[in-house]
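Beneath this line is the structure, given in structure tokens, with notes to follow.
Residue numbers (our numbering): 85 to 322.
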């Protein structure tokens, strides 16, 4: 029987840097299905929250607890950064890397990678250096590399900020397919339209705290707090 790594429980977590609290205190449980969109003004703590949940950032206080061991949880989740990260290898070698480090035989890894290359429209770049790809193509590769392991959870930190409309739509299509396939999505974005299209729930951060947590559709129709309403109107929150 395959056991999900979820739920993930954050209990009174806080992150400090140089003596300043940049996130928390916060308590929240990430459930086992859907797409959580993390929103808030610049400096609200969105990236820190995602890094904390993924394990890239340790809490100064509090606990981050998966249903399974940390090692198992680490093996079954992926993280996509705002600026796509590619290795100085071919596109194919980038894509098979996460499978190979998990002990998948090279032949099987290449077979699976070929499916994903076609899915993201990069089959013609298979043996070319990943460095020659455009920004949108690199992000497609990053998404494919994250999803090829069939993660329980995928964290995305504003993955389409610097992309054109066509690339953004392609990335969103991949995310929608992942959601349909059972991958839990946690994504930070400034794009209101994107948030509306993808969110099943919204976490609204303000000054490092979870200021509001609500159903995705309701957040945009009837936010619970004046601050969230002002944010949706485009006001500057100090």
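Backbone N, C-alpha and C fix where the C-beta goes; we use that ideal spot for every residue, glycine too.
If you're wondering where the values come from, they're calculated on a predicted model, not measured in any experiment.
Where the alpha helix (DSSP H) containing residue 101 begins and where it ends: Walking along the chain shown from the start, residue 101 turns up at place 17. Counting along the chain, residue 101 falls outside any alpha helix (DSSP H), though it belongs to the beta strand (DSSP E) covering 92–101.
C-alpha distance - residue 239 paired with residue 179, whole-angstrom precision: What you label residue 239 is simply residue 155 of the chain shown in a count that begins at 1. What you label residue 179 is simply residue 95 of the chain shown in a count that begins at 1. Cα-Cα distance, rounded: 18 Å.
Local conformation of residue 278 per DSSP, three classes: Position 194 of the chain shown, counted from the first residue, corresponds to residue 278. Here residue 278 sits in helix by DSSP.
Stretch-stretch touch, CB-based, cutoff 8 Å, three pairs: the stretch 226–233 with the stretch 254–268: yes
Beta-carbon contacts of residue 321 that lie in its chain and below 8 Å, excluding the five residues immediately before and after: Along the chain shown, read from residue 1 onward, the residue named residue 321 stands at position 237. Closer than 8 Å at the Cβ level, and outside the excluded window around residue 321, lie 125, 290, 311, 314 and 315.
Close-in-space but distant-in-sequence residues of the same chain around residue 129 (CB under 7 Å, 5 per side omitted): The residue labelled residue 129 in the question sits at position 45 within the chain shown. Hits under 7 Å: 106, 107, 289 and 292.
Among 99, 133, 167 and 307, the one whose alpha carbon lies nearest that of residue 145: Reading the chain shown from its first residue, position 61 is the one you call residue 145. Of the residues 99, 133, 167 and 307, the one whose Cα lies closest to the Cα of residue 145 is 99.
Whole-number beta carbon distance between residue 139 and residue 158, since they are thought to touch under 8 Å: Position 74 of the chain shown, counting from 1, holds the residue named residue 158. Position 55 of the chain shown, counting from 1, holds the residue named residue 139. Going by Cβ atoms, the distance from residue 158 to residue 139 rounds to 6 Å, so yes, they are a contact pair.
Whole-angstrom C-beta distance between residue 214 and residue 173, which should lie under 8 Å: By 1-based counting over the chain shown, the position of residue 173 is 89. By 1-based counting over the chain shown, the position of residue 214 is 130. Contact between residue 173 and residue 214 holds, with the beta-carbon distance rounding to 6 Å and staying under 8 Å.
Neighbourhood of residue 166 by C-beta, 7 Å cutoff - its chain only, sequence neighbours within 5 removed: Along the chain shown, one-based indexing puts residue 166 at 82. So the qualifying residues of the chain are 241, 242, 243 and 245.
Rounded separation between residue 85 and residue 104 - CA only: Sequence index remark: in the chain shown, residue 85 carries index 1 (1-based). Sequence index remark: in the chain shown, residue 104 carries index 20 (1-based). Residue placement at residue 85 cannot be trusted, given a pLDDT of 49 that sits under 50; the coordinates are not used to answer.
Short Cβ contact (7 Å threshold) for residue 89 with residue 160: Residue 89 sits at position 5 when you count from the first residue of the chain shown. Residue 160 sits at position 76 when you count from the first residue of the chain shown. Yes, Cβ-Cβ distance for residue 89 and residue 160 is below 7 Å.
Under the three-state DSSP convention, the category residue 190 falls into: As a working note, residue 190 is residue 106 in the chain shown. In this structure, residue 190 counts as helix in the three-state DSSP scheme.
Cβ-based burial, residue 223 [other Cβ within 10 Å; buried from 16]: Your numbering for residue 223 matches position 139 in the chain shown. Per the 10 Å Cβ criterion, buried.
Environment of residue 301 [buried if 16+ CB atoms lie within 10 Å]: Walking along the chain shown from the start, residue 301 turns up at place 217. Result: exposed.
Sequence-distant residues of its chain with Cβ nearer than 7 Å to residue 141 (five each side left out): Translated into the one-based positions of the chain shown, residue 141 becomes position 57. The residues are 99, 132 and 135.
Rounded separation between residue 116 and residue 110 - CA only: The count along the chain shown starts at 1 and reaches residue 116 at position 32. The count along the chain shown starts at 1 and reaches residue 110 at position 26. Taking the straight line from one Cα to the other gives about 19 Å.
Alpha-carbon spacing of residue 295 relative to residue 287, whole angstroms: Locating residue 295 in the chain shown gives position 211, where the first residue counts as 1. Locating residue 287 in the chain shown gives position 203, where the first residue counts as 1. Rounded to whole angstroms, residue 295 to residue 287 spans 8 Å at the Cα level.
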